[in-house]
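Residue numbers (the UniProt record's numbering), protein chains in the order written: chain G, 1 to 970; chain H, 1 to 481. Beta carbons are placed, not taken as given, at the ideal position from N, Cα and C, and that holds for glycine. Read the structure below first, then the notes.
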């Protein structure tokens, strides 16, 4: 009977069994009074089942089906459990499988096995007792003792750390050596100087060293030769461009809004420049983080800091405009969610976004933590605002205001005249109305008949649009027919008759002719000509005798009133024999007006006197002059740093059950992350606190010296970019699902150093790069590779392929055509088309205006830019803390065949001739120096000279641009 | 090539270096371990044609009609709409959806007619498709998370309404690798009118390595950068490729064990083979006259002819071992009218009388052709759209607004029952009522047919082992053979 023990014995049985045992053993076995029944152990039996299978959905933060299993309340209230009566307890039906079908609960994940169902049944039968103190929650895998949250440890036991003669770089080596020794591995010797300077130059600037730089270093006898190189590179503006690019990956910087419309954002680049400048200036990173979250409010009148807050809105967002209130609320929640994820991943290395619908499954992050951040960021909307010094604004306003006042004055004068003219017209309305005896214009069919006349050309000219009589340009025509005088009249306007229609139309670049004039004479309804400059002209193949015209924009439509059928309020039809001299055939002046606006427009036309005209013309001239002056004042720079919306920031804030804005749960306030309260002074703000205060509090809390997590995250990112892999392999996930550190002490040592250097990172680069670990060669050893293939322990320097940006910059650089102009609006390697939504077509030809560093490319989301996309430049839909490094045939095709390669090959060939003269041998040597920082071997000389002789230097250059040696650093 | 991805995090998580000791060279070992971890104890390997279990389908073609093709005007007959035409939708009078207020119920402008032995009624606008209903499993109870085209499309393609996630084809490419190395594993064929809403995000690799993104090709638009420019002679090209190969070989040889360098040499060889094979696939002139007529590639309707060519092109891709083809019929919303896609807000009747003839014959021809060639046995055909349309007309118009609460998709071919209809919306077509089905259920089923347990096909990215089915999804076993 004990072979398959029930998970819990029925109470009576257990009782009797225990009694038997007690009896047999002859000893008392209960601490309690013998007549008191032992407690059913809810915590050991039922609770784990609920934790594992139920509360993820049925928690107070989710309440699927409006049921929470955190306590017994909902179960009792809804009759899911009837204590003592398993039969009547619906809960059991829900989890029990019938006929092998999946039971209705749990909806997701594994179902309860029969033992577990038996436990629940037994528990119910025995009164369904649920100790009051027990609240059932899904437990995250990691808790507050998780390594990443703990204070920095600096009590290292390494001798090197304690020795006063050790430099920080020595300490790094000591930490690395310790792990190498444990694994029986050895560090490689120092790399060759040609290799080393290539590595350092790419690492700090993303560019290859020049031949002169290589030679200078190779021939520098001083002991600190490499140190000098590092210092020179750190001082170069190219450093900020390269490391700025790294940071832009982390903060998911992209210059279009993504989603359906994906419109380019043309004023986000100042943030890119701000990042580059900040990094070049070695701005303390805690300050940078504070500026990212609250740069607009840290100090008075600091536009240079305010630009930093563009971080908040640098991600994708849905701006399509949804009338459905439920969906609109969801979209708003998604928008804030994006900001929460970006913030928590970039600075905290935590995937707080996972706590949107329920407490984090793996990390000790509560759903209410997530919604505290939601409250913190609730006032931010995507958009632009003027970012300038107060003084500049005041000066600008002083110039603009008088002109604006003048404009207003002139406009009201003009309006007054127009009103008066209209009133005069209205006074004679009855008189006019007697003349308006024809049917009004009809979108469904408008007909004009007239005595037969001969014409070769016929033209419809708009005098106004029915929806807006002031607009004489746009209208729609689904069909326009011109009838001849035959017994059975023939439509001579038909294209099939040989007629041709012309007229400017709405243009869609990637679908030419979508709304062209040919649609007005194609004999078919449905598709329409959309005029954009007010005319439709039809040329017949030969002069025709005509007597009737019919046209429409909504023929046979049941709802002709919709905007898509926009038509005419008044028109003129003219004919011509030569297409140059026109005479009026008929117009709409005798028709009844289509609406009041059309009537008024017509009345105004009729009652404007020459004096009115004169006055109006004068006013219009003056207005034009004022407008010209206004245009001459340069507008204040408007930057996409987001808009602060006090209404949106107004509480109260609730957590959303199951992540749904339609199901508000408990109240939350802007506050710090719960789990870190044990180490970092926490904060909790009033719901009424000003929006900016919340952001500033969050920023201060993140960079608080006691908050070790962001410090670890930052130094790990730096290590990651130096060695290709971080000490923690998942740079934006320091939680349970992320990787654990390979060298935890080293990580803390670096973090401590970051604090010492007041969050300035140049000194970190220096100490890392001056270590022997960094300077070792990348030589491969099969024995070592068997132990540690990826060299995570750093027994060698891990070689890497260049990034997409580095590859393009390198090609431009070796060809001598890289334009080092910094900052300002970016260039584009795609053709941008906008028609309601946007389309990006990669360019086949890249002009010299694109020969800037790739960091200045205006990266649009969901656009493909051959070389860049193929070499793993991220789409920036999300933060990209580490790039992938793929090798594909498409890369080869692009590198071989895109015109960019040929252009650069030509430039490089020119440079070789220019700098090395006409002797092929010299050209080839120079090419090798530029591309590979060395001389060619004799074989290489021989082969390439022959090749160049037969196929030209340009062809050789194309080959060199495709070599692996050009795009791998060791 | 597989060796180049850097998703070896599992290992570090499990215990750093604990596992990294087995034999073999370099990254290959890491790969092996990672793959083993993906599938627990099983030794399934990604990208090598292996599956979790015996597959029914070897390849997939997903036909996508963007713009939200109306379920109640094409696939799911709602007779009640005719009975209650002009009356308010009970319980949802003046309902505000995506573009604004709704009017009263509106019947479908066209009759539905029964087809096949199953007698399944579909719209009379689709006479050719009607001949295939006995082979199709309709899912009439689909639901979406978004009522906006862009997010809706990428939700339908990636299982997530936000950008940055891999499309089903990218997951397939990752899971199976390519069958024919001279062609991509995953091809997207946009409509001649342009890209669907949200463009390239619909066939993105997301966080998977870049090589899993779809290669965009169509009969109108070849693979970019495929051809060498005319000014490079064949001689020069041959000599260049051979010099390049030698330089790259010698660089790699002096660095033994760097598999990335070998991979790059292989990539150039592959590129060369692709240059040979890709143009051949597009050679529709190899097809017979009758085939062209059957598909309608020379139809006077230029949109139809272009789509027909892409249908024929699709068959040629599938025959040559492409694993996943996403074929689009229509493009983005134009903002003016329903000219570019199935988004019939204002004039349902004239819009669909334009779109259906483009879609009907060529699609039906593709299905027939695959069937005749015996390819239906192991080819899975999907028909999808991003969501459905309202049973009411949009106020002041004769069109329908967006409806994410109920719509139709269908499957056909490998492992799928024919002539069945699974799930249903309510009598008006407003909401999925019988067996509501999610996009995740849909892809759980697709992966199942491809031989994969959707819960086991994962990729670690930022905090989670990601799946196309997120944390959801049940296989719709009712429609399987």
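Asked: The beta strand (DSSP E) spanning residue 383 of chain H covers which residue range?; Found: 379 to 384
Asked: Give the single residue among G:335, G:80, G:794 whose Cα lies nearest to the Cα of residue 65 of chain G.; Found: G:80
Asked: Just the chain B side, please: which residues come within less than 7 Å of residue 898 of chain G by C-beta, in chain order?; Found: In the structure shown, chain B cannot be found, because the protein chains are G and H.
Asked: My parser needs the alpha helix (DSSP H) runs of 4 or more residues fully inside the UniProt domain "Cytochrome C Planctomycete-type" (54 to 109) of chain G; what are they?; Found: 73 to 77, 90 to 95
Asked: If you measure from the beta carbon of residue 357 of chain H to each beta carbon in chain G, is any gap under 8 Å?; Found: no
Asked: Which residues, in chain order, does the segment 244 to 269 of chain H contribute to contact with chain G at a C-beta distance below 9 Å?; Found: 244, 246, 247, 248, 250, 251, 252, 255, 256, 257, 258, 260, 261, 263, 264, 265, 266, 267, 268, 269
Asked: Using the rule of at least 16 other Cβ atoms within 10 Å of the residue's Cβ for burial, across every protein chain shown, is residue 85 of chain H buried or exposed?; Found: exposed
Asked: Output yes or no for whether 8 Å exceeds the beta carbon distance between residue 412 of chain H and residue 135 of chain H.; Found: yes
Asked: Thinking C-beta only, is residue 696 of chain G closer than 8 Å to residue 670 of chain G?; Found: no
Asked: Measuring only the C-alpha atoms, how far is residue 895 of chain G from residue 263 of chain G?; Found: 29 Å
Asked: Helix, strand or coil, according to DSSP, for residue 139 of chain G in the structure here?; Found: coil
Asked: Going by other Cβ atoms of all chains shown within 10 Å of its Cβ, with 16 needed for buried, is residue 769 of chain G buried or exposed?; Found: buried
Asked: Output the boundary residues of the beta strand (DSSP E) element that contains residue 412 of chain H.; Found: 407 to 413
Asked: How would you call residue 201 of chain G, buried or exposed, if buried means at least 16 neighbouring beta carbons within 10 angstroms?; Found: buried
Asked: Helix or strand or just coil, what does DSSP make of residue 176 of chain G?; Found: helix
Asked: What residues of chain H sit near residue 218 of chain G, judged by a beta carbon separation below 9 Å?; Found: Neighbours of residue 218 of chain G on chain H: none; closest Cβ ~20 Å, over 9 Å.
Asked: Taking the alpha-carbon positions, what's the residue 200 of chain H to residue 66 of chain H distance?; Found: 13 Å
Asked: At a Cβ cut of 8 Å, what residues of the segment 264 to 280 of chain G count as close to chain H, listed as they run along the chain?; Found: none
Asked: What separation, rounded to the nearest whole angstrom, lies between the Cα atoms of residue 303 of chain H and residue 372 of chain H?; Found: 26 Å
Asked: Taking all protein chains shown into account, do 16 or more other C-beta atoms lie within 10 angstroms of the C-beta of residue 90 of chain G, making it buried, or fewer, making it exposed?; Found: exposed
Asked: Provide the residue span of the beta strand (DSSP E) that contains residue 545 of chain G, from first to last.; Found: 535 to 552
Asked: What is the DSSP secondary structure of residue 279 of chain G, reduced to helix, strand or coil?; Found: helix
Asked: Give, in chain order, every residue of the segment 855 to 866 of chain G whose Cβ lies closer than 8 Å to some Cβ of chain H.; Found: 861, 862, 863, 864, 866
Asked: Interface residues of chain H around residue 959 of chain G at Cβ under 8 Å?; Found: 240, 243, 244, 247
Asked: Within this structure, are the beta carbons of residue 479 of chain H and residue 158 of chain H separated by less than 8 Å?; Found: no
Asked: What three-state label does DSSP hand residue 59 of chain H in the structure shown?; Found: strand
Asked: Got a sec? Which residues, its chain only, sit under 6 Å from residue 26 of chain G by beta carbon, not counting five neighbours each side?; Found: No answer about residue 26 of chain G holds up, because its pLDDT of 38 lies below 50 and its placement is not dependable.
Asked: So residue 667 of chain G packs on residue 654 of chain G, CB below 8 Å; how close in whole Å?; Found: 6 Å
Asked: Quick check: what's the CA-CA separation for residue 347 of chain H versus residue 207 of chain G?; Found: 57 Å
Asked: Skipping 5 residues on each side, what residues in its chain have a beta carbon closer than 8 Å to that of residue 98 of chain H?; Found: 147, 148, 401, 402
Asked: Between the C-alpha atoms of residue 791 of chain G and residue 778 of chain G, what's the straight-line distance to the nearest angstrom?; Found: 10 Å
Asked: Using a beta-carbon distance cut-off of less than 7 Å, what residues from the segment 135 to 160 of chain H approach chain G?; Found: 147, 148, 149, 150, 151
Asked: According to DSSP, which residues form a beta bridge with residue 121 of chain H?; Found: H:114
Asked: Express the C-alpha separation of residue 838 of chain G and residue 351 of chain G in angstroms, rounding to a whole number.; Found: 31 Å
Asked: Kindly indicate which three-state DSSP category residue 780 of chain G falls into: helix, strand or coil?; Found: coil
Asked: Considering Cα atoms alone, identify which of G:563, G:643, G:844 is closest to residue 387 of chain G.; Found: G:643
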